[in-house]
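Following our numbering, the residues of the sequence shown are numbered contiguously, the last one being 158.
As C-alpha cells, the structure follows; a few thoughts come after it.
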Amino acid sequence: MAYNENLANRIRERLQETPNVEEKAMMGGLTFMVNDKMCVGIIKDELMCRINPDLHNEMVEKRGCRTMDFTKRPMKGYVLIDETGMKTKEEFDYWINLALDFNPLAKSSKKKKKNS
C-alpha cells in the first residue's frame, strides 16, 4: 500500500531538528518513531498521530480528525487527520506538536530481549 510521499516530506522537514527519529515501514504506511516510540506516521493520505488518550475525545471533534480504526478496532490515543485538518502550516504543526508532547509519556513499543 502506497503512502503520500509529499506528506512524508512535510513530516521529515518538521522533525529534522528532533533527536532520535527513525522511519519505519509499518501498517502499510510509514511511521516515524521518536525515542523508540511510535509518534506520527502516514496511512495512505492521512497523518497518524499518537496523542494523549485523555485528549482523544476532544481532538476527534476537530475538523479532519477521526479515531484511528486500523483493522476495524478503534484505538484511543491514535488519530488520523485528513487534508482538511492540516492544510496550513499552523494546523500541521499543531498535530505534530501534540504527538511530540505526548511522546515522553507514551509507553515504548520496543520489544525487550529475553536473557536465555
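Glycine is no exception: its CB is placed at the ideal position from the N, C-alpha and C atoms.
Just so you know, these numbers come straight off a predicted model, no measurement behind them.
Status (buried if at least 16 other CB within 10 Å, exposed otherwise) for residue i
{"i": "LEU147", "result": "exposed"}
{"i": "GLU88", "result": "buried"}
{"i": "THR181", "result": "Residue 181 lies beyond the stretch modelled for the chain, which goes from 43 to 158, so this question has no answer here."}
{"i": "ALA44", "result": "exposed"}
{"i": "ARG92", "result": "buried"}
{"i": "THR113", "result": "exposed"}
{"i": "ALA67", "result": "exposed"}
Sequence-distant residues of its chain with Cβ nearer than 7 Å to residue i (five each side left out)
{"i": "LYS79", "result": "ASN145, ALA148, SER150, SER151"}
{"i": "LYS104", "result": "GLY127"}
Residue interval of the alpha helix (DSSP H) (run including residue i)
{"i": "GLU103", "result": "Per DSSP, GLU103 belongs to no alpha helix (DSSP H) and is neither H nor E."}
{"i": "PHE74", "result": "First-last for PHE74: 71-76, but that is the beta strand (DSSP E), not the alpha helix (DSSP H)."}
{"i": "ALA141", "result": "131-144"}
Cβ-Cβ distance between residue i and residue j below 8 Å
{"i": "VAL82", "j": "ILE53", "result": "yes"}
{"i": "GLY106", "j": "ILE84", "result": "no"}
{"i": "GLY119", "j": "ASN94", "result": "yes"}
Selected residue, minimal CA-CA separation from residue i, among the options
{"i": "GLY71", "options": "GLU59, PRO95, LEU49", "result": "LEU49"}
{"i": "HIS98", "options": "GLN58, TRP137, ASN51", "result": "TRP137"}
{"i": "MET90", "options": "MET101, GLU100, ASP96, MET110", "result": "MET110"}
Beta strand (DSSP E) segment containing residue i, residue limits
{"i": "TYR120", "result": "117-123"}
{"i": "GLU59", "result": "From DSSP, GLU59 is part of no beta strand (DSSP E); its letter is neither H nor E."}
{"i": "LEU89", "result": "88-92"}
{"i": "THR109", "result": "107-110"}
Cβ neighbours of residue i in the same chain (closer than 8 Å, five flanking residues each side left out)
{"i": "THR60", "result": "VAL76, LEU142"}
6 Å CB neighbourhood of residue i in its chain, flanking five on each side removed
{"i": "GLU64", "result": "MET75"}
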